[in-house]
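First residue of the sequence shown: 1, per UniProt numbering; consecutive thereafter.
Notes follow the structure.
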Amino acid sequence: MIWYFLYPLRGTSQPPRLSANHPIRRAFFRHGKTTAQHWLITMLVSVAIAMGFSYPTIFLSENPTAGFAAYPHHVWTTARPFMGEERLIDVEMRQIWVHGSYMNALNKSVLNSALGIQQAIVGPERLTSVYPTLNDQLRTGAISWGYHSPLMYWNNSADTISGDEDVVRTINDQSRTSSSLNVALRPASVFAGKRFDRKKLRAADALVITLMNKAGDGVGGRWEDSMEALASGACQNCTLFPHDGRVTRNKVYEFSFVPLSLQENIALTFAYTCMALYVLLSLRRLKAFHSRFGLVVTAITQMTCSVLASVTICGILKINLSTIPQNAYPFVVLVVGLENMFRLINAVLAYPATMATDQRIANALGDVGPVSVATAGQNLIILSLLSYFVSPGVAAFCAFACIATLFDAFFLLTFFVAVLNVDIRRFELQDTLARSTQQRARRRPSPVDSRSLKHTWFDALVQGRLPFSTRMAGTAVTTTFILSLNYHFFERHEKVTSLRHLLGLARGGSRSVADFDTFTPPPMNATLTPGEWMRMQDFDTAKEVMRLAKPGADSFVIRVFAPLIVVLADADRTGAPLGTEAWVHALRSYAIHHFYPVAVAVVFAVAFVAVLMNFLLYSEAGEEPFPEERERQEDGLSLRSVNLPHKLDIIKLAGTEKAHFVTVGLDRTVAVSLFDRAQQDYKTIGVPAEVTSSLRWPVRDCLLDDSGDYLALHCADDQIVLFPCATGSLLEQSLHYPDDNPPVLFRFFRVPGKETGARIWLVILTSGGRLLTTCMGEKGDRETTRLSERPLVGAALIAPNTQNRKLYYITEDAQLVGYSWGEDGWKESCSSSLPLDTRLGGLSSAVSITTHQDLGHEILMVRSEKEVLFVDSSTLNTLSKIDLDTPLADITLGNTAHCAACGSVALRSVGLISEMEPDGSSGMTVLSARDGELGGALCLRHNTSSCHSFAQASKATHKVQNPAGSLCALDSQAILGLRRLPPLKEDVTPAKQASSAQTRHRRRASTRPSTTSREITWEAFKVSLNGEIESTPVLANEDSEAEASSLYVNSAGPAVALDHQSSAVAFGNQVKVIRSSRRGSLAGKTDGPAIQRHGSTSKRRLTLRKGQ
């Protein structure tokens, strides 16, 4: 909601997306990464904290001294100062507190002395002889006065007290005996400074005699006279407070106990039902059965702990939560807690499944953590402001909501993040978004048709696509709920309906029950004040008193006099703990009496969490695989065959970062293969024959957008054909290729819009310098311009974030030019001359411009035939250069690090793959820092003479046999490819034989009973930067029909990289998808800003040093 108030200043209602280097985002990122890496410790610590704060509420609320902690479930209660007329007072209450030595009130001498004081005030009557028809008289209101005394345990008899062999047992056995007021003689109501063992009284510090009479009957005056006469009568050697026995200080309170009405019960039921439906609809979109159950258990556990811990803190802070029914308190935690949980889940699912789990958690928490904390702060401010304008009972509810919000945020950042991390490791939550996306993609109409479809606001709200559902719902519902609670008190005490009254502004400064403490504490070492004693009285006692004051009513007004304190002669009060000693004594007592149940509770909680984690991780662990399957899992290399409708070999192959790809066959067929990440399978869509027959062949280039929605084909007549995969028919939009030169850039890109949603653009840049840009689905929105008069040798389109697009191209004379995308199209932003070899009059070969996932978009890699440049993307200044001896085919980078000399970004190693030699082999030269030199990293900037440059790097050459095969380099520090099975005695490195993984694969293949050595002639392989090779054989297709239609393959290829762990290789009329399941030290690429990985600090320093 705060972002809507800031709209005039910011110009947008969207929450801010912090940059990667923002200190707040970095703090949340580090917390998320640490929590994900140490999830078990985090979980156990949070569970221990939750149990520590929840135990007092769970196990101590039924304690005889709990008082207001034993909240009523279905009753509105009010205890507040009364400012009305004197004639409206129903009853008066006076008390005499009798103290002996410290915690020695159950001594028989103290009891006999108290009996003498009681008889001096009310007379020597005994209960059974004075009130034979007590209950009947009380029900008719005939009794106008009575008293409530601990001496009634012995029927007000000195002989009975003297003859009692076990005073404590008598009290505990008769704790439900009724006094003359027909009020149960609970120990909490007749003793002060009590000590309990479980629910059994063990000691007390004072005896409390309570006198009650109906106002105006004259009995109260006689009691006051008797109390003044105590100093000269029954208590000649006692010490009185006040010293003359005359008590004049009093306060008037109104107590009410109103059961929930039918309408209120229906309203609460409706609120919780709506919340349950919201949860079910939200979980239904997750599509993972085990994950849904685990998340439900986690959410219930977290919110329950938040509620119980908040009640405990409110008890410590003496916040009275008894005025509102207990059933209303969990609602606020549900609203706020579920909002934050689903916000975090959606943020995690927004990152690709190929990213490491801890990186997904860290980046998601970096994205939504600041927003969640800002929302919590916003709620705290709103609740604090509301507490000033609502009734005291609702103000206490606001305080509870504030504390619950803080606990919920704490458990969200610890317990829930840890459980979510475990759930993601089961590969179920990470596939949820992909599953739902693919299901929508299969049903998605064309852009032209989609504009005619109308979706209601309610549909968007249910699907969670409105900002209101994620950013305003919690605050709005919480505020409305609190005002509804306040309306209950307004409705009972106000006659005129107005907003001013509804907000509580007309309540006349009424105060809470905390004013009980305004009575002056006795000037002696007492263990309890009158206010504390009053709060210890439970609501059953109050309801019984109400039957005396107003039979059948739900409220009464009572005048409470300050107690008369009587300290008996020779009493030793020096043992009473004061200040810090009282806390130490309470903690010692708590440890002695509750250590065992707390230990049991913690052990049970830990065991429950352990069982829950085993359940969540069961799908990941699974059953013990067979030895062959276990070897395959250990190798971390998988191979998948995708059967396609081609009858002849595949000649063109193009892929996307989401693992989709498009193929073009010699038989003039085109197929689009979309990867379903949830099912881990491909769905192939063949372009209809009526479409392919209308094309002018051959197809020169093919392109698929990242989501798999649009296919673009460059045909022989220079027409660009656009095919929406969802509709199966060509777009009416017709494009003509700009000129006769080959393209250096042929690319789709997506631009998000505020009103129309995301728009997909196609950009084509030819080597002749002409640029064509057009928007999909809009006939007139196209632009053709000439960017350069010089021929172009390379270009790239870079997307640093969702709002920014940059285009770079290199001219024949080694000029690098950058353009930025804006509302008016492409605008030149910067240019620079590159130190490339132009001695022959210009660049003689194509130049590649790419970025690397670990370097982010701040650094460009420019690769020519014999040179590699690292260029700053904003200034286009060359940072460093690698000169090569042999033509370069591809490049892969190792881990990033900090340069020990200048602190800039550095690389541990660089792998340079040379072009294939005539014998089918490829060489890989790995550049790395010499061991022990400057942290073992190659500096990209080389700011100082101490920096380790590429010219000083050590070289290691690895030779990889690749007969008739094809390979490509990935960002995950690996090279994937397909090749004919080489001889068993292959030399991988000058000093290293084939890896054990390779040997295992060959041995396993040769020992298969159903597969002969002649059938296994191809294998997929992976080459790491250290020269090790992992491989897996290409087996016969299990589908007999597909196997019958497969072609004999003489050479594999072409090959393209898909995401950062997989590549696709054409294999006859099929495609083999090779995936390396082992994650390197790198994370997957995201669509957002650069994230903190190993080199994130270096990237920040690089930015700061651009002016150096």
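Heads up, the beta-carbon is just placed ideally off N, CA and C, and yes, glycines get one too.
Q) Based on the DSSP secondary-structure assignment, which residues constitute the bridge partners of E732? A) For E732, which the question treats as bridged, DSSP gives no partner whatsoever.
Q) Could you check where the alpha helix (DSSP H) with S109 kicks off and where it finishes? A) 108-122
(Q) Going by beta-carbon coordinates alone, are F950 and I1029 separated by less than 7 angstroms? (A) no
Q: Let me know the alpha helix (DSSP H) ranges lying completely inside the region 303-330, each 4 residues or longer, listed in chain order.
A: none
Q.
Residues in the same chain with beta-carbon distance under 8 angstroms from P242, minus the five sequence neighbours each way, listed in chain order, please.
A. L564
Q.
Please classify C274 as buried or exposed, where buried requires at least 16 other C-beta atoms within 10 Å of its C-beta.
A. exposed
(Q) Just to confirm before moving on: does the CB-CB distance between residue 1109 and S1051 stay below 7 angstroms? (A) Past the boundaries of the shown model lies residue 1109; the chain is included only from 1 to 1108, so the question cannot be answered.
(Q) Could you compute how far the alpha carbon of A203 sits from the alpha carbon of A231? (A) 27 angstroms
Q. E789 lies in the alpha helix (DSSP H); which residues open and close that run?
A. Neither: E789 is in no alpha helix (DSSP H) and is coded neither H nor E.
Q: Check L18 in the structure and name its three-state DSSP category.
A: coil
Q. Could you give the distance in angstroms between the alpha-carbon of M524 and the alpha-carbon of A192?
A. Here M524 scores only 48 on pLDDT, less than 50, and its place in the model should not be relied on; the value that follows carries that caveat. Going by the C-alpha atoms only, they are around 14 angstroms apart.
Q. When you compare only the Cα positions, how much space is there between T42 and D423?
A. 15 angstroms
**Q.** Proximity to L88 [Cα-Cα], best of V600, V252, L674
**A.** V252
Q.
Using a 10 Å radius around the Cβ and a threshold of 16 neighbouring Cβ atoms, would you call A434 buried or exposed?
A. Bear in mind that a pLDDT of 46 at A434, under 50, signals an unreliable position, so the model cannot answer this.
Q.
Please return the same chain residues whose Cβ sits closer than 7 angstroms to the Cβ of D890, not counting the five positions on each side in sequence.
A. I913, C968, A969
Q: Report the option in G842, H942, E657 whose CA atom is closest to the CA atom of Y351.
A: E657
Q.
On the DSSP letters alone, give me the boundaries of the beta strand (DSSP E) that G665 sits inside.
A. 661-665
Q: Verify whether the separation of the beta carbon atoms of P791 and S767 is less than 7 angstroms.
A: yes
Q. Is it the case that the Cβ atoms of A953 and L927 are separated by a distance below 7 angstroms?
A. yes
Q) Are the region 43-56 and the region 295-310 touching, with three or more C-beta to C-beta distances below 8 angstroms? A) yes
Q) When the distance is taken between beta carbons, is I720 closer than 7 angstroms to L735? A) yes
Q: Within the same chain, show all residues whose beta-carbon is closer than 6 angstroms to that of L211, passing over the 5 residues directly before and after it, in chain order.
A: R94, Y147, W223
Q. If we count the other Cβ atoms within 10 Å of its Cβ and call it buried at 16 or more, is A20 buried or exposed?
A. buried
Q.
Within the continuous beta strand (DSSP E) that includes W154, where are the two ends?
A. Taken as a continuous stretch (DSSP letters only), W154 belongs to no beta strand (DSSP E), as it is neither H nor E.
Q: Pick out whichever of R786, E789, A712, P698 has its Cα sitting closest to the Cα of I760.
A: A712
Q. How would you label L704, buried or exposed, when you count the other beta carbons within 10 angstroms and need 16 or more for buried?
A. buried
Q: In angstroms with no decimal places, state the Cα-to-Cα distance between R805 and E783.
A: 17 angstroms
**Q.** Extent of the continuous alpha helix (DSSP H) to which I89 belongs
**A.** It is not in any alpha helix (DSSP H) - I89 carries neither H nor E in the DSSP assignment.
Q | Run of the beta strand (DSSP E) containing R559, from where it starts to where it stops | A | 555-561
Q. I think P887 touches E867, with their Cβ atoms under 8 angstroms apart; what is that distance to the nearest whole Å?
A. Actually they do not touch by this definition, with Cβ atoms about 11 angstroms apart.
Q) Hey, which unbroken runs of the alpha helix (DSSP H) at 4 residues or more fall wholly within the region 175-231? A) 187-190, 219-228
**Q.** Rounded Cβ spacing between V348 and A364 (contact assumed at less than 8 angstroms)
**A.** 4 angstroms
Q) In terms of residue numbering, what span does the beta strand (DSSP E) encompassing E1019 cover? A) 1018-1024
Q) How is E858 classed by DSSP in three states: helix, strand or coil? A) strand
Q. Anyone know if the C-beta pair for E812 and V793 falls short of 7 angstroms?
A. yes
Q. What do you reckon, are the CB atoms on L981 and E1019 nearer than 7 angstroms?
A. yes
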